[in-house]
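Residue 678 is where the sequence shown ends in numbering that gives the first Met the number 0, and the numbering goes up by one at each step.
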Amino acid sequence: MAVQSTLRHSAAEDILVAFIDKYKKLFRERIRKTSRRTKILATLVLAASIILGAEGGRRWWKRRRQEKEQGRKLVRTNSWLFNKDGSRTIYVPYKDGTSKVVIRPTKPLTFEAHRRLFLNPPKVSGLSDGTVPSAQTKPGLNLAFLHQFLSLMSIMIPRWTSKEAGLLVSHGAFLMLRTYLSLVVARLDGEIVRDLVAGNGRLFLWGIVKWCGLGGFASYTNSMIKFLESKVSIAFRTRLTRYIHDLYLNDNLNYYKLSNLDGGVGQGADQFITQDLTLFCASAANLYSSLGKPFVDLCVFNYQLYRSLGPLALTGLLSNYFLTASILRRMSPPFGKLKAVEGRKEGDFRSLHARLIANAEEVAFYGGAEMEKTFLNKEFKSLKSWMEGIYMLKIRYNILEDFILKYSWSAYGYLLSSLPVFLPAWGGLGGASEMADGAAKGGRERNRMKEFITNKRLMLSLADAGGRMMYSIKDLAELAGHTSRVYTLIATLHRVHANAYFPLPTGNELYSLSDVQGTMQKGFDGVRLEHVPIVAPGLWPHGGDELIESLSLIVRRGEHLLISGPNGIGKSAIARVVGGLWPVYRGLVSRPKSIGEDGIMFLPQRPYLTVGTLRDQVIYPDGEVDMRLKRKGEDDLQRALDAAKLGYLPDREGGWDTRKEWKDVLSGGEKQRRRVQRR
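Printed below as a string of structure tokens:
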């Protein structure tokens, strides 16, 4: 007697085989119904796509290999190539080769176009009086914040064809896709529970397969949303950083005037450019997903719930939103103002540490460690007290916010989900289905379970979207603080760059920045001052201190002039006026146009050592490419060191390409001699 096999195919295998057979059959039928001409055309298109794709890949690989080979020849940090349009191409080390980066400078016309946004905007910008919001305006969710944010957006997204606009469109597409997937997940969740209650194993397993496939696609979508948000943030930061650098570092000496003449950003711009700018870009990129997507989710999910639960539920949902927003808005602390003050205190604490590092030797010789510690501890205590105050305000607000958004909304959602069961006449499609299935008790219960699970999933997604909308009130307030800080920096830079200082309504102080009436003439073969008062300027809007009432002198090429006198009489001040660091309040100053060998050279009181190689120390402020363009070689550099009695440095330090922290390597005398040698 033959032994019968007891092996059976599982239900999952049967479903998979049926699924494959079904799509094979559909594919064969579609091929059979397709005309011969269409088949030939599709084959040609496929072949052309393969050929063109292969050719494009080959060209890309060839171009990439050429960039790597060219980049290896210019792999130093300060090496670049000048392009015809004024941009620079640099090659930076990346993985096993180099990466090509093109840096395009901001055009002067762009600065002029943006100046009205930061200094004198027109009335059409939305401001009733046609004046720009003051940089000192308290940050908050007001018209000033809207103007400041839109002004910064005009820098971050200069045109709709830019890279940043493309990233935002891609980000938005994935956010919309995530909303659609949430609807599909809600329906699928209800179907799985319905089939489970009905005991339909085949449909239940098929629902699990669809759930896993949908989950993989949703995971990819979520990861892409986070990735694109990070890309948007770094793209915003790149735009703003390059814009600020072009406005901050130029021939107008804005980097000096910003702190020493204007004073609009306190002790320096480092805190603004580094931390505040980073926080602003991260908050601005997150705003797109934390505010835009929840708003779309609210519209879509409300419409779906309106169809399922009826107009009464929609009215209740909208009333709940407005009531919740009103309560949280009224109870919310001024997070924008608190965040702005925290950023300023962080900057003050950081500047004290930077000051100590820059003057460590002087502090050590004076034995001032205890005094410096007192300053640091005092500033940190002020920062700590302020942050603790913010945390105390946050905890009270978070308790209220958490209870309302998580628990009260959930309870309210259960009440609305029960409308099709207890009030079918007011329950929308769910209520109509409830009345239609009144005869079949089992079918009614299964459909009721499906509708409840689907509506519950929609309610949870809706609560999550509404919660993120409410949380975004706090995020918006913090964004207002970061926006105020970055806007203050750029507005101050524009004011310094354009010399836009105007008399105050209360009157003008003598020798203030709005009282500059002198002239700087560049192109004279020598140095000439005619009736120029030497004034130590005060921070705007205060006036300066007059050191010399009126000075007239002339020094032609080849002549010498020695100025001597006691400390504080104005000897160094004359050099600052001639160099353009201090304003010419009255009279005329004439000097050569260029700074360097072919014009005028200044010798600072303190030696400055740049970051880079020994070669960079000798040729500063030129780069290596500038040195090659001037047809200078290492023999010329060696002769310059020999003239300053520093010819032993290349051998002692290991060659021209040695990189060290030179301020710690060179002695005090070597620093002074290198200062004279620099060319």
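Beta carbons are placed, not taken as given, at the ideal position from N, Cα and C, and that holds for glycine.
If we call anything under 8 Å between Cβ atoms a contact, is Cys280 one with Arg236?
When the beta-carbon positions are compared, Cys280 and Arg236 come within less than 8 Å of each other.
If you count every other CB in all the chains shown that lies within 10 Å of the CB of Glu28, and 16 or more means buried, which is it?
Counting of Cβ neighbours within 10 angstroms places Glu28 among the exposed residues, the total staying below 16.
For Gln671, which residues in the same chain have their Cβ closer than 7 Å to its Cβ, ignoring the five residues on either side in sequence?
Excluding positions up to five away in sequence, the list reads Pro606.
Please state whether DSSP places Asp524 in a helix, a strand or coil.
coil
Are Leu546 and Gly564 closer than 8 Å when you measure CB to CB?
no
Any heavy atom of the ligand NAD within a distance shorter than 7 Å of the CB on Asn319?
In the structure shown, the ligand NAD is absent, as is every other ligand, since no ligand is present at all.
For Trp385, which option in Thr373, Ala359, Val340 and Asp544 has the closest C-alpha, if you only look at C-alpha atoms?
Taking only the C-alpha atoms, the option nearest Trp385 is Val340.
Does the Cβ-Cβ distance between Leu166 and Lys225 come in under 8 Å?
no
Report all residues from its chain with a CB closer than 8 Å to the CB of Asn253; omit the five preceding and five following residues, and keep chain order.
Leu246, Tyr247, Leu492, Val495 and His496
Is it right to say Asp296 is buried, meaning 16 or more other beta carbons lie within 10 angstroms of its own, or is it exposed?
buried
Quick check: what's the CA-CA separation for Gly346 versus Leu151?
21 Å
Taking the alpha carbon of Leu174 as the point to measure from, which residue in Asp275, Val299, Ile154 and Gln65 has its own alpha carbon closest?
Per the Cα distances, Val299.
Would you kindly work out how many angstroms separate the C-alpha atoms of Ser258 and Ala217, rounded to a whole number?
50 Å
My understanding is that His170 touches Leu227, with C-beta atoms under 8 Å, so please give their C-beta distance in whole angstroms.
4 Å
Roughly how many angstroms separate the alpha carbons of Leu628 and Leu351, rounded to a whole number?
42 Å
Going straight from the alpha carbon of Gln147 to that of Leu43, what length do you get?
55 Å
From Asp463 to Ser289, what does the alpha carbon distance come to, in whole angstroms?
Between Asp463 and Ser289, the C-alpha separation is close to 11 Å.
Check whether the segment 581-597 touches the segment 535-550, taking contact to mean three or more Cβ pairs, one atom from each stretch, closer than 8 Å.
yes
By DSSP, does Ala612 sit in helix, in strand, or in coil?
The question names Ala, but residue 612 in the sequence shown is Thr. When secondary structure is reduced to three states using DSSP, Thr612 falls in the strand class.
To the nearest angstrom, report how far apart Leu689 and Ser318 are at their CA atoms.
Lying before the first or after the last residue shown, residue 689 is absent from the chain, which here runs from 0 to 678.
Quick check on the burial criterion: 16 or more other C-beta atoms within 10 angstroms. Buried or exposed for Gln270?
buried
Could you check where the alpha helix (DSSP H) with Arg236 kicks off and where it finishes?
Unbroken alpha helix (DSSP H) run through Arg236: Gly200 to Tyr247.
Give me the DSSP bridge partner(s) of Ile547.
Ile533
Between which two residues does the beta strand (DSSP E) containing Arg590 stretch?
Element bounds for Arg590: Leu587 to Arg590.
Between the segment 469-477 and the segment 321-336, are three or more C-beta pairs nearer than 8 Å?
yes
So Pro649 is in the alpha helix (DSSP H); what residue range does that whole segment cover?
Leu648 to Glu652
Mind checking Ala46: buried by the 16 CB within 10 Å criterion, or exposed?
exposed
Ser331 and Ile472 - do their beta-carbons sit closer together than 8 Å?
yes
Of all the beta strand (DSSP E) runs that stay within the bounds of the segment 460-520, which reach a length of 3 or more residues?
none
Can you give me the C-alpha to C-alpha distance between Arg329 and Tyr406, rounded to a whole angstrom?
20 Å
Identify whether Leu560 lies in helix, strand or coil by the three-state DSSP scheme.
coil
So Pro107 is in the alpha helix (DSSP H); what residue range does that whole segment cover?
Pro107 to Phe117
When we look at the beta-carbon of Thr273 and count the other beta-carbons within 10 Å, is it buried (16 or more) or exposed?
exposed
Hey, how far is the Cα of Glu660 from the Cα of Leu528?
40 Å
Looking at the structure shown, is Val583 part of a helix, part of a strand, or coil, going by DSSP?
The answer is coil: DSSP assigns Val583 none of H, G, I, E or B.
Could you compute how far the alpha carbon of Arg673 sits from the alpha carbon of Phe379?
39 Å
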